[in-house]
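First comes the structure, then the notes that go with it.
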Amino acid sequence: MRRQVPLILCFVFGIVMIFTQFSPHSVSQTLYQEVISWALIISPFALVLATTTLIQTHVTRIRRRTEHWQYSFLVFVGIITMVVIGVPFGPQNQVFEWFYTHVQVPMDATMFSLLAFFIASAAYRAFRARTFEASLLLITALIVMMGNVPVGDLIWNTVLSWLPLEDGASGARQWILNNPNLSARRGIILGVSLGVISQSIRIILGIERTYLGGGD
Amino acid sequence: MELFGIWVAALLTLCIYSFLYQDNPFYRFAEHLYVGISVGYGIVLSIHQGLIPFAFKPFWAAVTGESLIGLVKLIPIGVGLLFFARLSPGHTWLIRYPIAILIGFGSGVAIPNVLRANIFEQTRGTIEPFAAMHAGTLSGWGVFEAVLMVVGVVCTLTYFFFSVEHRGPVKWLSKVGIAFLMIGFGSAFGNTVMGRVALLIQRADFLLGDWLNLIS
Chain S
1 MRRQVPLILC
11 FVFGIVMIFT
21 QFSPHSVSQT
31 LYQEVISWAL
41 IISPFALVLA
51 TTTLIQTHVT
61 RIRRRTEHWQ
71 YSFLVFVGII
81 TMVVIGVPFG
91 PQNQVFEWFY
101 THVQVPMDAT
111 MFSLLAFFIA
121 SAAYRAFRAR
131 TFEASLLLIT
141 ALIVMMGNVP
151 VGDLIWNTVL
161 SWLPLEDGAS
171 GARQWILNNP
181 NLSARRGIIL
191 GVSLGVISQS
201 IRIILGIERT
211 YLGGGD
Chain V
1 MELFGIWVAA
11 LLTLCIYSFL
21 YQDNPFYRFA
31 EHLYVGISVG
41 YGIVLSIHQG
51 LIPFAFKPFW
61 AAVTGESLIG
71 LVKLIPIGVG
81 LLFFARLSPG
91 HTWLIRYPIA
101 ILIGFGSGVA
111 IPNVLRANIF
121 EQTRGTIEPF
131 AAMHAGTLSG
141 WGVFEAVLMV
151 VGVVCTLTYF
161 FFSVEHRGPV
171 KWLSKVGIAF
181 LMIGFGSAFG
191 NTVMGRVALL
201 IQRADFLLGD
211 WLNLIS
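Same order as they appear, the protein sequences are chains S and V.
Number 33 in the numbering used here belongs to position 33 of the first sequence; there are no gaps in the numbering.
Number 100 in the numbering used here belongs to position 100 of the second sequence; there are no gaps in the numbering.
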């Protein structure tokens, strides 16, 4: 009951999703759409549970007065503000959109742009070319970066003006992306895909059961 | 309201950039607010784009007698509510039901889609130029690129092939595979750096243009 039923459910849903995708029959397609809608209904509950766990963590921080516990209130302020406005009035509400445009989007972009600084220091450590492979990575990254910005072509056209090729930096970047980079990516994609398929079959057939967790 | 929004966004941006100096109360303020706002935004979207259209509306239609088929939605709602069993120590095992359904669903969706998009399409893309080569429509440079692509894919896959010991020809093939992988990682790194730098430029543009009006 505690392990067998979930295994049967996993098998049934897995098999149904495989077969309905191969069958163009209207019943099959209706079933496919229905199961997709079921997954879309079940998934938000997982998010709500995750939020509950987040709230529990911060409540514990406040209760135990751990370091910087005062900031935990800000997490609640953020969640409550967005939920109180967004749930009843919808994401198209003006106030909700204001918070999205003027609070979330700028912070999102700034957080990611912060990585530009750290990636630069990480690159310095990683790019101290000591081996052939590291040199290859360094040279490729440099060409891709220079080919991405107009100054790359400007430098190329100025320094390497004797070459018959104009705008070579962006051209070299594009060639690398379309050829050696793409072939490496294809190799990775093919390998990962074979792994995904074999793992999915193992899950559906109940051979892989780690998602059930421990205990009975 | 718009001007106030620009000020809020600018101050939050500066709060996050203050981390470049060191961890400080301004950064912690923005960081916690960011977590709260993002989680709240996610909850609102999942409710309005998942629960309401796929569960609440059909269920309400069944309650009002419009379409009784909506009663079926009670099943995924009930299954979704089982996520909260995690909060009750004696009933934690019930969470396996929604997880098993979602994992079975995901595995079932993955197999045909991964086969189609990642294996068949990628393999087709790799060998397709040879048809043009056979027809005699491919230039000398195109032939070189087609061969390079196949060599790259085969060597990259060889590197990930651990069923045989990497000795002799396999060792050399996998070494060539590493070279292709390094070019791939270098390209990914270069593109990531440029993406982050673009975000940094965008934030600087916002601070100097929209906020301080120093640049137009």
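Each residue gets a CB set at the ideal place from its N, CA and C atoms; glycine is no exception.
The structure displayed is predicted, hence computed values, not measured ones.
Name the chain S residues that come within less than 9 Å of residue i, Cβ to Cβ?
i, result
"isoleucine 43(V)", "Pro44, Leu47, Val48, Thr51, Ile79, Met82, Val83, Gly86, Val87"
"lysine 294(V)", "The shown model of chain V, from 1 to 216, leaves out residue 294(V), and the question about it has no answer."
"glycine 65(V)", "Those do not exist, as glycine 65(V) stays about 21 Å from chain S at its closest Cβ, beyond 9 Å."
"histidine 166(V)", "The premise fails here: histidine 166(V) is roughly 15 Å from chain S at the closest Cβ pair, so nothing lies under 9 Å."
Interface residues of chain V around residue i at Cβ under 7 Å?
i, result
"tryptophan 38(S)", "Pro76"
"tyrosine 124(S)", "Simply none; closest approach about 12 Å."
"glutamine 174(S)", "Within 7 Å Cβ-Cβ: nothing; glutamine 174(S) doesn't reach chain V, min ~11 Å."
"serine 168(S)", "Residue 168(S) is actually glycine in this sequence, not serine. Result: empty, since nearest Cβ-Cβ is about 15 Å, beyond 7 Å."
"glycine 171(S)", "Neighbours of glycine 171(S) on chain V: none; closest Cβ ~13 Å, over 7 Å."
Using beta-carbon positions only, say whether residue i and residue j come within less than 9 Å of one another.
i, j, result
"leucine 114(S)", "isoleucine 16(V)", "yes"
"valine 72(V)", "proline 89(V)", "no"
"leucine 212(S)", "isoleucine 99(V)", "yes"
"isoleucine 18(S)", "proline 129(V)", "no"
"valine 12(S)", "isoleucine 43(V)", "no"
"leucine 84(V)", "threonine 131(S)", "A quick correction: the sequence has phenylalanine, not leucine, at residue 84(V). Result no, Cβ atoms of phenylalanine 84(V) and threonine 131(S) do not sit closer than 9 Å."
"aspartate 2(S)", "tryptophan 93(V)", "For clarity, residue 2(S) is arginine in the given sequence; the question names aspartate instead. A contact, by the Cβ cut-off of 9 Å."
"glutamine 122(V)", "arginine 186(S)", "yes"
"valine 114(V)", "valine 151(V)", "no"
"histidine 32(V)", "leucine 163(S)", "no"
"glycine 195(V)", "valine 144(S)", "no"
"glycine 36(V)", "glycine 171(S)", "no"
"leucine 138(V)", "valine 154(V)", "no"
"valine 16(S)", "leucine 31(S)", "yes"
"isoleucine 139(S)", "glycine 184(V)", "no"
"glutamine 202(V)", "alanine 109(S)", "yes"
"valine 193(V)", "alanine 39(S)", "no"
"alanine 110(V)", "serine 200(S)", "yes"
"isoleucine 188(S)", "threonine 156(V)", "yes"
"alanine 9(V)", "phenylalanine 206(V)", "yes"
"tryptophan 98(S)", "methionine 1(V)", "yes"
"proline 76(V)", "serine 37(S)", "yes"
"valine 59(S)", "serine 72(S)", "yes"
"isoleucine 155(S)", "alanine 169(S)", "yes"
"valine 170(V)", "phenylalanine 160(V)", "no"
"methionine 82(S)", "phenylalanine 96(S)", "yes"
"alanine 116(S)", "leucine 200(V)", "yes"
"glycine 140(V)", "alanine 132(V)", "no"
Less than 8 Å between the CB of residue i and some heavy atom of the ligand SAH, yes or no?
i, result
"histidine 32(V)", "The model depicted lacks the ligand SAH and carries no ligand whatsoever."
Residue i: which of the options sits nearest, CA to CA?
i, options, result
"phenylalanine 120(V)", "Ala184(S), Ser183(S), Arg128(S), Ser193(S)", "Ser193(S)"
"proline 6(S)", "Ile103(V), Ala55(V), Ile47(V), Leu51(V)", "Ile103(V)"
"tyrosine 27(V)", "Met111(S), Ile80(S), Gln4(S), Gly152(S)", "Met111(S)"
"serine 38(V)", "Gly206(S), Ala50(S), Trp162(S)", "Ala50(S)"
"glycine 78(V)", "Thr64(V), Val63(V), Leu51(V), Gly65(V)", "Leu51(V)"
"glycine 106(V)", "Ile42(S), Leu177(S), Gln29(S)", "Ile42(S)"
"leucine 136(S)", "Pro180(S), Ser37(S), Ile204(S), Asn148(S)", "Pro180(S)"
"valine 197(V)", "Ile204(S), Ile176(S), Val149(S)", "Val149(S)"
"asparagine 178(S)", "Val164(V), Leu199(V), Met149(V)", "Met149(V)"
"threonine 158(V)", "Leu165(S), Ala184(S), Trp156(S), Phe117(S)", "Ala184(S)"
"arginine 96(V)", "Phe99(S), Leu9(S), Ile36(S), Thr20(S)", "Leu9(S)"
"tyrosine 41(V)", "Thr158(S), Ile80(S), Phe45(S), Arg173(S)", "Ile80(S)"
"alanine 55(V)", "Ala46(S), Glu34(S), Thr57(S), Arg202(S)", "Glu34(S)"
"valine 196(S)", "Gly140(V), Leu12(V), Ala117(V)", "Ala117(V)"
"proline 91(S)", "Asp210(V), Trp60(V), Leu45(V), His134(V)", "Leu45(V)"
If the cut is a Cβ gap below 8 Å, which residues of chain V does residue i touch?
i, result
"glutamine 4(S)", "None at all; the shortest Cβ gap to chain V is about 10 Å."
"glutamate 133(S)", "Ile178, Ala179, Met182"
"leucine 165(S)", "Under the 8 Å cutoff, chain V gives no residues; its nearest Cβ is about 13 Å from leucine 165(S)."
"serine 72(S)", "His32"
Could you work out which residues of chain V lie near residue i, taking near to mean beta carbons separated by less than 9 Å?
i, result
"threonine 140(S)", "Met182, Ile183, Gly184, Phe185, Gly186, Ser187, Phe189, Gly190"
Against residue i, what residues of chain S qualify as contacts under a CB-to-CB distance less than 7 Å, listed in chain order?
i, result
"phenylalanine 54(V)", "Ser37, Leu40, Ile41"
"serine 38(V)", "Gln104"
Applying a beta-carbon distance threshold of less than 8 Å, which residues of chain S neighbour residue i?
i, result
"methionine 194(V)", "Val144, Met145, Asn148, Val149"
- Within 8 Å of chain V by C-beta, residues of the stretch 57 to 69 of chain S in sequence order: Cβ contacts with chain V: His68.
- Item | Cβ-based contacts, 9 Å cut-off: residues of the stretch 78 to 104 of chain V near chain S | Legend: CB atoms of the stretch 78 to 104 of chain V lying less than 9 Å from CB atoms of chain S belong to residues Val79, Gly80, Leu81, Leu82, Phe83, Phe84, Arg86, Leu87, Thr92, Trp93, Leu94, Ile95, Arg96, Tyr97, Pro98, Ile99, Ala100, Ile101, Leu102, Ile103, Gly104.
- Query: Between the stretch 137 to 150 of chain V and chain S, which residues of the former have a C-beta closer than 7 Å to a C-beta of the latter?
  - Reply: The residues in question are Glu145, Leu148, Met149.
- Message: Using a Cβ-Cβ cutoff of 9 Å, what residues of the stretch 146 to 163 of chain S are near chain V? List them in chain order.
- Response: Taking 9 Å as the Cβ-Cβ cut-off against chain V, the residues of the stretch 146 to 163 of chain S that qualify are Met146, Gly147, Asn148, Val149.
- Message: Give me the subset of the stretch 21 to 34 of chain V whose CB atoms are less than 9 Å from a CB atom of chain S, sorted by chain position.
- Response: Taking 9 Å as the Cβ-Cβ cut-off against chain S, the residues of the stretch 21 to 34 of chain V that qualify are Pro25, Arg28, Phe29, Ala30, Glu31, His32, Leu33, Tyr34.
- Query: Got a sec: which bits of the stretch 174 to 191 of chain S sit with their beta carbon under 9 Å from any beta carbon on chain V, in order along the chain?
  - Reply: The stretch 174 to 191 of chain S vs chain V, Cβ under 9 Å: Trp175, Ile176, Leu177, Asn178, Asn179, Pro180, Asn181, Leu182, Ser183, Ala184, Arg185, Arg186, Gly187, Ile188, Ile189, Leu190, Gly191.
- Item | Interface residues of the stretch 202 to 214 of chain S facing chain V [CB-CB below 8 Å] | For chain V, the residues of the stretch 202 to 214 of chain S that bring a beta carbon within less than 8 Å of one of its beta carbons are Ile203, Ile204, Tyr211, Leu212, Gly213, in chain order.
- Near-chain S residues of the stretch 107 to 123 of chain V (beta-carbon distance less than 7 Å), N- to C-terminal order: From the stretch 107 to 123 of chain V, only Ser107, Gly108, Val109, Ala110, Ile111, Pro112, Val114, Leu115, Asn118, Ile119, Gln122 have a Cβ closer than 7 Å to chain S.
- Using a beta-carbon distance cut-off of less than 9 Å, what residues from the stretch 8 to 39 of chain S approach chain V? Flagged, chain order: Ile8, Leu9, Cys10, Phe11, Val12, Phe13, Gly14, Ile15, Val16, Met17, Ile18, Phe19, Thr20, Gln21, Phe22, Glu34, Val35, Ile36, Ser37, Trp38, Ala39.
- Message: Counting only Cβ-Cβ distances shorter than 7 Å, please list the residues of the stretch 4 to 16 of chain V near chain S, keeping chain order.
- Response: Result list: Gly5, Val8, Ala9, Leu12, Thr13, Ile16.
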